[in-house]
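Take a look at the structure set out below.
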Amino acid sequence: MAENDDILAELRSVFRDEVDDHAVNLERAGLTLAREGEGPEARAGAAAEVFRAVHCLKGAARAVGYDSLERFFHAVETRLGSARHGASPDLARVAADAGITLRVLRACSVSLAERGEPDEAALAEARRALQ
20 MAENDDILAE LRSVFRDEVD DHAVNLERAG LTLAREGEGP EARAGAAAEV
70 FRAVHCLKGA ARAVGYDSLE RFFHAVETRL GSARHGASPD LARVAADAGI
120 TLRVLRACSV SLAERGEPDE AALAEARRAL Q
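20 is the number of the first residue of the sequence shown in this note's numbering; add one for each residue after it.
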């Protein structure tokens, strides 16, 4: 049992690093989406990066047993999926969802480092913002 606990602790440590890496990518993508002067290719690439980050985080949260984070990322992924498809993707919605996700990542980065658990208050606030 102790070996499994050690493995889970190591995986969660890797997850915390992944959260920080994805936060940087989401911030960069959000800035690209928000810039009026960016071309359509750059904005589409940024939207794809947001979706990719959320998808990866969802799977990683599941792998390390952070169910509330997994559910949150799943909800964001579903919203992003509908915003990305169609003749004219809703890039403003993608940018807003990236911002909400970025706030969750920042809050959870701190709480995961300090307590080893996601910031449930930040997740609850983010879920309300998604509605």
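Quick reminder that beta carbons are idealized off the backbone N, C-alpha and C, glycines included.
For this session: Taking 9 Å as the cut-off, decide whether the C-beta atoms of E46 and L121 are in contact.
Result: Counted from its first residue, the sequence shown places residue 46 at position 27. Counted from its first residue, the sequence shown places residue 121 at position 102. Closer than 9 Å, so yes.
Exercise. Does the stretch 27-36 come close enough to the stretch 60-72 to have 3 or more Cβ pairs within less than 8 Å?
Worked result: no
For this session: Compare the C-alpha of D24 against each of P59, V83 and C127 and name the closest.
Result: For the purposes of this step, residue 24 is identified with residue 5 of the sequence shown, where counting begins at 1. Here the closest residue by C-alpha is V83.
For this session: Note the first and the last residue of the continuous alpha helix (DSSP H) segment covering P59.
Result: For the purposes of this step, residue 59 is taken as the residue at position 40 of the sequence shown. Per DSSP, P59 belongs to the alpha helix (DSSP H) from P59 to A82.
Problem set entry | Rounded Cβ spacing between A72 and H41 (contact assumed at less than 8 Å) | Position 53 of the sequence shown, counting from 1, holds the residue named residue 72. Position 22 of the sequence shown, counting from 1, holds the residue named residue 41. The Cβ separation is near 4 Å, so the contact holds.
Exercise. Taking the Cβ atom as the reference point for each residue, do E133 and A79 lie within a distance shorter than 9 Å?
Worked result: Numbered from 1 along the sequence shown, position 114 holds the residue referred to as residue 133. Numbered from 1 along the sequence shown, position 60 holds the residue referred to as residue 79. Cβ distance not < 9 Å, so E133 and A79 don't count as in contact.
For this session: Indicate whether A141 and V123 have their beta-carbon atoms separated by less than 9 Å.
Result: What you label residue 141 is simply residue 122 of the sequence shown in a count that begins at 1. What you label residue 123 is simply residue 104 of the sequence shown in a count that begins at 1. Closer than 9 Å, so yes.
Exercise. Who are the Cβ neighbours of T51 in its own chain at under 8 Å, not counting the five residues just before and after it?
Worked result: The residue labelled residue 51 in the question sits at position 32 within the sequence shown. Counting only Cβ-Cβ distances below 8 Å, and skipping sequence neighbours, we find E57, A61, R62, G64 and A65.
Exercise. What is the DSSP secondary structure of D36, counted as helix, strand or coil?
Worked result: As a first step, residue 36 must be located in the sequence shown, where it is residue number 17. Correct three-state label for D36: helix.
Exercise. With DSSP run on the structure shown, which of helix, strand or coil describes R54?
Worked result: Against the sequence shown, residue 54 aligns to sequence position 35. Here R54 sits in coil by DSSP.
For this session: Determine the contact status of D116 and L149, defining contact as a CB-CB distance below 9 Å.
Result: Counting from one through the sequence shown, the residue named residue 116 turns up at place 97. Counting from one through the sequence shown, the residue named residue 149 turns up at place 130. Contact: yes.
Exercise. In angstroms, rounded to a whole number, what distance separates the CA positions of R54 and E22?
Worked result: For the purposes of this step, residue 54 is identified with residue 35 of the sequence shown, where counting begins at 1. For the purposes of this step, residue 22 is identified with residue 3 of the sequence shown, where counting begins at 1. Spanning the two alpha carbons is a distance of roughly 48 Å.
Exercise. If you run the structure through DSSP and keep just helix, strand and coil, what is D109?
Worked result: Counting from one through the sequence shown, the residue named residue 109 turns up at place 90. If DSSP states are grouped into helix, strand and coil, D109 belongs with coil.
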